[in-house]
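Reading through the C-alpha cells given below for one structure.
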Amino acid sequence: MTVVTQEAGAPFGAAPPSGDSAIVTRGLTKRFRGGQVAVDALDLTVPRGSVFGFLGPNGSGKTTTIRMLLGLVTPTAGEYSVLGLPLADALPRVGALVEGPAFYPYLSGEANLFRFDAADPTAPGGTAKQRVGEALERVGLSAAAGKRFRNYSLGMRQRLAIAAALLGPRELLILDEPTNGLDPQGTREVRALVKEIAADGTTVFVSSHLLTEVEQMCTHAAIMRTGNLVAQGTIASLNGGLATRVRVETPDVADAARVLGTLGLADVRTPDEGAASVTAELGAQAPEDINAALVREGVAVRGLAVVRPSLEDVFVGLTGEGFDVDG
Amino acid sequence: MSTAETQTRQTPGEPSDGPVAGTQERRTPGLVPVTETMRTAERRPPEPPGLAQPPARLPSAFWRLLGSELGLTFRRPRNQVMLAVLASVPVLIGIGLRIASGDEAVGGLIGAVAGNSLMLTFVSFSVLVLLLMPIAVSVVGGDSIAGEAGAGTLRYLLAAPAGRTRLLVVKYLNVVVFAYAVTVVVALSALITGLILFPVGPVTLLSGSTISVADGLLRILISVGYVGAGMAALAAVAVALSTFTEVSIGAIAATMVLVIVTQVLRAIPQLEGITPYLLPTWWTRFDAVLRSPVDFANLGQGLLVFGAYILLFGSIAWARFSGKDITS
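Residue numbers (the working numbering), protein chains in the order written: chain A, 370 to 696; chain B, 55 to 382.
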C-alpha cells in the first residue's frame, strides 16, 4: 500500500536525489497549528554506514524531525528522502525507536514483538518466530520473553523497544534518545549494541541531548538548536573547528604567559583571576618543546596538558550557550 | 538510486569493512558539512549485497495484521467480560420467563416464548439491541485507534509500516468481526437456553401463522446477519470518532452518547420526520423475520441505511486518519 508514501512524500513529488546517503532532507520545515515552528528549513545529510549523532537540547526539534522521517508527521515544507526510496518502500528496512518504548502492557514481550512484526507488510509470517527470537536474543531478553510487558523494568522496556527496531534486516536504525532513563549499566549496554549494529554496516541515526554519548558512539553529528541546524559533519571535523589548546599549570602565571607568547602561540589566556594556570592554542608546536622552553626560562611547571576540544566546546562555541546536560 | 550504484553494491566478494572506513573519515578536517560529508560518504566501500532489492509486499500481510488485531481483541480480558455479560442476559431472560409462565397459561410475548424455544432469541435481541450490544461495540470501536494512540503503539505500528489506510481498514474489520461475535454470542446463548427451558416445535409467528423448526432456525440466521450489520454501522461511527482523539474513553463515551441521544430523539413525536435516518430505528427492524413471509423489503431498507452510515463514517475516518499528524 502506498498511502504512507503519498502522505509523506506527495507534497514534494519525487524524492530528492539521495546519492549514497541514508537520509537527506532539504528545507524540511514543520510548523504546528498555532504557528509554532518545531523544525525550520533543515538540511541534513546522513551518510550511509555512519553512526550519526543528532544532537540538541530538549525541544530543539529532534523528535519532530524523526517523526517526519518516519511519515508520522507531515512536513509543512521541504523534502526528504530515506534510503533513496519512496517512504513506504524504505520503512520496512528502517528500525525505529521514537520517544521511548510503547507496548501493550497485557502482552508478553514476545507477543508484543509478534504484533509489530505483523504490521510490516514485507515480513513473511512463516519466519516471524525466527525474527522475534533473534531480536530478543540480540538485546538479551530471551529469558524474559514470556513475561508480561507490564512487569518489565525500565531497562528491559528500552531493550524490548530496540529489539522491535531490529526485527528483520535493517539498513537504517533511527534511535530517539535510546539511553533515556537507563542506569549507567543499561547505558553502556545500549552503546555497545549500537556499535555492534553499526559494525554490521547498518546506518545508525541516534538522537541525544547528551554530548558525551554522541562523542563516544558516533562518527558523525549534527547539532540542532530551536529547530535550526547549527552544524553537521564528522565528529573530527566538528571538533576541528576549535583549536587544540595547551594548558600550563604554574605559580608563575605572568612569566609563563610571556614565554608562551614568545613561542608564537596564539590566544594566550589566564582563565581565572588567581588561577595558577595559563592556556594557549597549541598550533604546530610540540608540547615537549613548550615545556623545555618554559623550564629554560625558569618557569616552575607543575603540569602541562594538551586539551582537545570536546563537542560541548563546539556547541558552546556555536550557540554561545550552555547545554542542557541533565535533560 | 542509480542502476550503476546498485550494480556496484551487488559486486560479489567485495570486503565489507564499513567501520574501518568510518574511522578514516574522522581525519577529514574543517567544519561544515553537507558537501564534505557527502564526499567522504562516497569514499566508503560498497555495502554488502543482499538488501539492494526492496522487499516485496506480501499479499498475505493484510490477513496477518487482521489476525493479530483479532487476537488482541478476543484475548483482551475486558472484551471477554463484555461477551460473557452479553451471553448471560438471554439466560436470565429465559429463567425469568420460565418462572413467569410456570404459574398459569399466559398470552402475548411471554406465552409465545414459553410455547417455543426459538422465540427466546428474538426476545433477547429486542432487549439487548438498543443498549447493551451497542455499548459493547462502542467500547471496542472507540478504543480502536484512540487506544493505540494513547498507548503510543500507534506510532510504532505506522513506522513498521502498517500503512494508514491498511491499518484503518484492518481496525474497522476487526470491530465488525467483534460486532458479529456479540450478535452470535447473544443468539447462541438464547438458542441454547431456549432449547433447555422451553419446548421444541413449530414456531408460531406474530402474524399467527406457523413455520417449521428448520425455517425458524433460518430466520434466526437472517436476523443475526441483519443485527450484526446494524452493529457494524455503529462500529463505523465509533472508529470515526476514535480517529479524533488520543483518549479512548472519549471516543467510547461519544459513541454511547450518540446512541442514547438518537433514542431520545426517536421518542419525541414532533421529530418523527428524522427517525428514518437514525440507526436505532433500524436496529429493531430485525423483527421483519417474524412476518410471514419474511419482510425482506424492510430488511433491505435497513441494510441500505447501515451501508450509508458505513460509507459516510468510513470516509470521515479515512479523511481524518490519513492526514493526521501522529504526535502521541
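C-beta: ideal position from N, C-alpha, C; glycine also.
None of the values given here were measured: they were computed from a predicted structure.
query, result
"Residues within the region 210-239 of chain B neighbouring chain A, beta-carbon criterion of under 8 Å", "Tyr-210, Leu-211, Leu-212, Ala-213, Ala-214, Pro-215, Ala-216, Gly-217, Arg-218, Thr-219, Arg-220, Leu-221"
"Any chain B beta carbon closer than 8 Å to Tyr-473 of chain A", "yes"
"Residues from the region 441-457 of chain A in contact with chain B, defined by Cβ distance under 7 Å", "Leu-441, Val-442, Thr-443, Gly-453, Leu-454, Ala-457"
"DSSP bridge partner residues for Asp-545 of chain A (one or two, in chain order)", "A:Ser-576"
"Residues that Ser-122 of chain B contacts on chain A, provided the C-beta gap is smaller than 8 Å", "Phe-483, Arg-484, Ala-487, Ala-488"
"Best match in B:Ala-351, B:Leu-208, B:Ala-241 for proximity to Leu-137 of chain B [C-alpha to C-alpha]", "B:Ala-241"
"DSSP beta-bridge partners of Gly-464 of chain A", "A:Leu-542"
"Per-residue contacts from Gly-494 of chain A into chain B (C-beta, under 7 Å)", "Ser-114, Arg-118"
"Residues near Glu-123 of chain B by beta carbon distance below 6 Å, same chain, minus five either side", "Val-224, Asn-228"
"Endpoints, the alpha helix (DSSP H) within which Ala-115 of chain B is located", "115-129"
"Residue environment, Thr-77 of chain B, which counts as buried when at least 16 other CB atoms sit within 10 Å", "Caution is warranted here: a pLDDT of 38 is assigned to Thr-77 of chain B, below 50, making its placement in the model unreliable, and the coordinate value is therefore given only provisionally. Looking at its Cβ environment, which holds fewer than 16 other Cβ atoms inside 10 Å, Thr-77 of chain B is exposed."
"Buried/exposed call for Ser-142 of chain B, threshold 16 Cβ in 10 Å", "exposed"
"Option nearest Pro-474 of chain A by Cα separation, candidates A:Leu-460, A:Leu-529, A:Ala-488, A:Val-583", "A:Leu-529"
"Min CB distance Pro-656 of chain A to chain B below 8 Å", "no"
"Where Thr-432 of chain A falls: helix, strand or coil (DSSP)", "helix"
"Proximal residues of chain A, C-beta to C-beta of Ile-274 of chain B below 9 Å", "Within 9 Å Cβ-Cβ: nothing; Ile-274 of chain B doesn't reach chain A, min ~35 Å."
"C-beta atoms of Phe-367 of chain B and Ala-290 of chain B nearer than 8 Å", "yes"
"Leu-651 of chain A: first and last residue of the uninterrupted beta strand (DSSP E) it sits in", "Where Leu-651 of chain A is concerned, there is no enclosing beta strand (DSSP E), given that its DSSP letter is neither H nor E."
"Every unbroken alpha helix (DSSP H) inside the region 488-555 of chain A [4 residues or more]", "497-507, 523-534"
"Endpoints, the alpha helix (DSSP H) within which Phe-401 of chain A is located", "No alpha helix (DSSP H) contains Phe-401 of chain A, which DSSP labels as neither H nor E."
"Identified DSSP bridge partners for Ile-265 of chain B", "B:Val-257"
"Nearest-angstrom beta carbon gap, Leu-598 of chain A and Ala-605 of chain A [assumed within contact, 8 Å]", "No, Ala-605 of chain A and Leu-598 of chain A are not in contact; Cβ-Cβ is about 19 Å, not under 8 Å."
"Buried versus exposed, by CB contacts within 10 Å (16 or more), Val-676 of chain A", "exposed"
"Buried versus exposed call for Phe-350 of chain B [16 or more other C-beta atoms within 10 Å across all chains shown]", "exposed"
"Beta-carbon contacts of Thr-247 of chain B that lie in its chain and below 7 Å, excluding the five residues immediately before and after", "Pro-144, Val-145, Gly-148, Leu-174"
"Endpoints, beta strand (DSSP E) assigned at Val-676 of chain A", "672-676"
"Residue of A:Arg-665, A:Ala-446, A:Ala-612, A:Val-670 minimising C-alpha distance to Ala-653 of chain A", "A:Ala-612"
"Sequence-distant residues of its chain with Cβ nearer than 7 Å to Val-583 of chain A (five each side left out)", "Gly-422, Leu-424, Ser-577, Ala-590, Leu-680"
"Below-8 Å beta-carbon distance, Leu-439 of chain A vs any chain B residue", "yes"
"Cβ of Leu-579 of chain A within 8 Å of any chain B Cβ", "no"
"Where Leu-454 of chain A falls: helix, strand or coil (DSSP)", "strand"
"Contact with chain B by Val-467 of chain A, beta-carbon distance below 8 Å", "yes"
"Where Arg-93 of chain B falls, given that 16 or more other Cβ within 10 Å makes a residue buried", "Because Arg-93 of chain B carries a pLDDT of 42, less than 50, the predicted location of this residue cannot be relied on, and the following value inherits that uncertainty. Arg-93 of chain B should be labelled exposed."
"Residues bridged to Phe-392 of chain A [DSSP beta-bridge criterion]", "Correcting the residue identity first, residue 392 of chain A is Ile in this sequence and not Phe. DSSP lists A:Val-415, A:Val-451 as partners of Ile-392 of chain A."
"is_contact[Ala-205 of chain B, chain A] using C-beta, thresh 8 Å", "yes"
"Short-range partners of chain B found in the region 527-538 of chain A, where Cβ spacing is below 7 Å", "Ala-533, Pro-538"
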